[in-house]
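Position in the sequence shown (first residue = 1) + 913 = my numbering.
Backbone N, C-alpha and C fix where the C-beta goes; we use that ideal spot for every residue, glycine too.
Presented below is the structure to which this report refers.
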Amino acid sequence: MELTFFLANGFLDNPPDFLKFLGRFHPLVVHLPIGFLLLAVIAQLATRKIKFHPLRPFLKYLWGLGAISAALAVLFGYLLSLLGDYDANTLFWHKWSGGAVLIFSAACYFISKRRPDTSDISKWALIILATGTMIYTGHLGGNLTHGQTYLLEYAPNPVRSMAGLPPKTEPRPKVTVLDSAEVYLDLISLMMHSKCTSCHNDGKKKGDLVLTSYSNMLRGGENGEVIIPGDIEASELFRRITLPEEHDDFMPSEGKRPLTEQEVAIIEWWIASGAPSEGRVTELDSEKKIIPVVNNYLGLDKNDIFNKEIPPPDISIIDSLRNQGFIINRLMKDNYFLDANFSLSERELIDSDLILLQNLKEQLIWLDLSNSGVKDEHLEKIGQLENLVKLDLNGNDISDNGIQQLEKLTNLESLNLYQTNVSDGLLRVIPKLTRLQRVYLWKTKINDSIALRLQEENKSLKINYNREEPIDQ
Ligand code: HEC
């Protein structure tokens, strides 16, 4: 009667919160029957010895506690199973063998109560059944929460093959050269494994979605496909990872560590490019949109310029530059890298200064030409100082025309263009400066929309656009 009432009201489909709350205690409560029943088995074995005979009257209490706690675990487990999202087959066996543990342990209780001193075969058969089903249930329970592969993931290969599992796959070697980075295996799959597969694996298929392999990822979840190759807008997976974090649908859920902006950008590019299952990033990204992001994401953009052997500079050149008002310093003790600063000079920069600087092309890695009267025509020679890591050009009358000359400065990490006339021409040159980490653009002809576009197209770049703040997206 009552049951039909509950069913008619969709009670089982949507149990009240309080029952769900209780259900979540199942993983805690299950440890009680395990403890009591193991203790009962040990005590049962021990009391075969005369020395432990005095323990016999207590055996029934141990079995009784085991049975009661097993009943609680079964009840809470049932409530938890209503919350869904478990592998149906494993859940089925887990439920029934859990029920069997309850029945066998209750039977052990009654036998030890009625006939505490017998040690006939039926009693031992029951004890063995209770213990066996308990171990089996526990194992299935572990599979339900951690996934089928959890227990044997790191097992030696012979053990894995006994369990019918394939040998461990060698982990993919860490990518050390951008050219070898495979889009799915080295990027997407790694992201899924670090942030998503704890809830979306073969054993625990939240939303009926498995993200452990390419084919499963494209198969989708309970509401159909989650990735529509080539269509970002229609891809549920992309929608979920770009929602505000507090949104109910945001993934990863439950406050788990979210994907980084770079990871989201890479996933976005991957789906937009048709979500290929294989292919190298460098081949797929013909427009070089994502390469700098990937480079930075994989930590491959560390500048190796500092490992180069640099010959000592020509001292006479340094002397002439100093006479022209340059301040020149060695940057480090154990090599010949130089820092040249003209910003304090009274005089404006002239062509012959640049010719002198050309002679220090190899050694010069920092150059400060702020407020030095640099013009667009000068930038061609400055653009040939290929080892520059830091370049300050703020406070000069330079514009989009000139700065295109800087495109060869692929070692550049910091570029200061405060108070210059640069504008959307930056959109063309910045992507070529593959190591650039920071650009200063306060008081230029750049407006909000250009700044935003620049940030959109160069995700890992820090743009100081307002006085000190990098722009927020
Ligand atoms: C803490 C557990 C958890 C983690 C981690 C997690 N998810 Fe989910 N996910 C869920 C649950 C629960 C659902 C089903 C409820 C819902 O639709 O919101 C779900 C549903 C989804 C769906 C919708 C499936 C469908 O067909 O409706 C997508 C897409 C998804 N997750 C993607 C991801 C991605 C991508 C990540 C990693 C960035 C991730 N999830 C990490 C728990 C998680």
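### Query
What residues match up with E1293 in a beta bridge as DSSP calls it?
BP columns for E1293 are empty, so no partner.
### Query
From what residue to what residue does the alpha helix (DSSP H) around V1207 run?
1204-1210
### Task
Closer than 6 Å by C-beta to F918: which residues in its own chain qualify, once you throw out the five before and the five after it? Chain order, please.
Any reading at F918 must be qualified, since the residue scores a pLDDT of 48, below 50, and its modelled position is unreliable; the value itself is stated next. Excluding sequence neighbours, F918 sits near nothing in its chain.
### Query
How would you label V1072, buried or exposed, when you count the other beta carbons within 10 angstroms and need 16 or more for buried?
exposed
### Query
Which same chain residues, not among the five before or five after V1206, have their C-beta less than 7 Å away from its C-beta?
Q1175, A1178, I1179, K1372, S1373
### Message
How far does the beta strand (DSSP E) with A1253 in it extend, from its first residue to its last?
### Response
Per DSSP, A1253 belongs to the beta strand (DSSP E) from 1251-1254.
### For N1056, three-class secondary structure by DSSP
helix
### Query
Where does W976 fall in DSSP's three states?
helix
### Message
Three Cβ pairs or more, each shorter than 8 Å: is that satisfied between the segment 1017-1031 and the segment 987-995?
### Response
no
### Message
Considering Cα atoms alone, identify which of T1323, L1325, L1319, Q1350 is closest to V1335.
### Response
L1319
#### Entry: Exposure label - A1094; buried when at least 16 CB within 10 Å
Label assigned to A1094: buried.
### Query
Grouping DSSP H, G and I as helix and E and B as strand, with all else coil, what is V1352?
strand
### Message
Pop quiz: S1148 and I1140 are said to be a contact at Cβ under 8 Å. What is the actual Cβ separation, rounded to whole angstroms?
### Response
With 8 Å as the limit, S1148 and I1140 qualify as a contact, their Cβ atoms being about 5 Å apart.
### Task
Would you tell me roughly how many angstroms separate the C-alpha atoms of G1137 and H1113, rounded to the nearest one?
15 Å
### Message
If I follow the unbroken alpha helix (DSSP H) through L1244, where does it start and stop?
### Response
First-last for L1244: undefined, no H or E at that position.
### N1136 Cβ short of 7 Å to the ligand ZN heavy atom set
Looking at this structure, you won't find the ligand ZN anywhere; what it does contain is the ligand HEC.
### Message
Between which residues of its own chain and G1143 is the CB-CB distance below 6 Å, once the five residues before and five after are set aside?
### Response
Taken in chain order, the residues that qualify are G1187.
### Query
DSSP three-state call for H1113: helix, strand or coil?
In this structure, DSSP gives H1113 an extended state, which the three-state scheme calls strand.
### Query
Can you tell me whether DSSP reads E1095 as helix, strand or coil?
strand
### Task
Starting from L1280, follow its DSSP beta bridges and name the residues at the other end.
By DSSP's assignment, L1280 forms a beta bridge with A1253, L1304.
### Query
How many Å lie between L1213 and V1088 at the Cα?
9 Å
### Message
With the cut-off set at 8 Å, would you say V1302 and N1329 are in Cβ contact?
### Response
no
### Query
Looking at C-alpha atoms only, which residue of Y1097, G1308, E1326 is the closest neighbour of L1197?
Y1097
### Beta-carbon spacing of Y999, K1169 below 8 Å
no
### Query
For the segment 945-1005, which segments carrying the alpha helix (DSSP H) assignment without a break, of at least 4 residues, lie completely within its bounds, in sequence order?
969-995
### Message
Can you tell me whether G1308 is buried or exposed? The criterion is at least 16 other CB atoms within 10 Å of its CB, across all chains shown.
### Response
G1308 counts as buried, since at least 16 other C-beta atoms from the protein chains shown sit within 10 angstroms of its C-beta.
### Query
Measuring from the CB of M1047, is there a heavy atom of the ligand HEC at a distance below 7 Å?
no
### Task
Give me the Cα-Cα distance between K1221 and D1252, rounded to the nearest whole angstrom.
16 Å
### Message
Taking 7 Å as the cut-off, is the beta-carbon of K1169 closer than that to any non-hydrogen atom of the ligand HEC?
### Response
Taking the Cβ of K1169 as the reference point, at least one heavy atom of the ligand HEC falls within a distance shorter than 7 Å.
### Query
Just curious, the alpha helix (DSSP H) that I1179 is in, first and last residue?
In the DSSP assignment, I1179 falls within the unbroken alpha helix (DSSP H) covering 1174-1185.
### Query
Closer than 7 Å: is that where the CB of C1021 sits relative to any heavy atom of the ligand HEC?
no
### Task
Report the residue from L1091, G1045, D1310 whose alpha carbon sits nearest the alpha carbon of L1292.
Measuring from the Cα of L1292, the nearest candidate turns out to be D1310.
### Query
Which ranges would you report for the beta strand (DSSP E) in the segment 1111-1151 if only whole runs of at least 3 residues count?
Here no run is fully enclosed.
### Query
How about W1279 and L1244: are their beta carbons less than 8 Å apart?
Yes, they are a contact pair.
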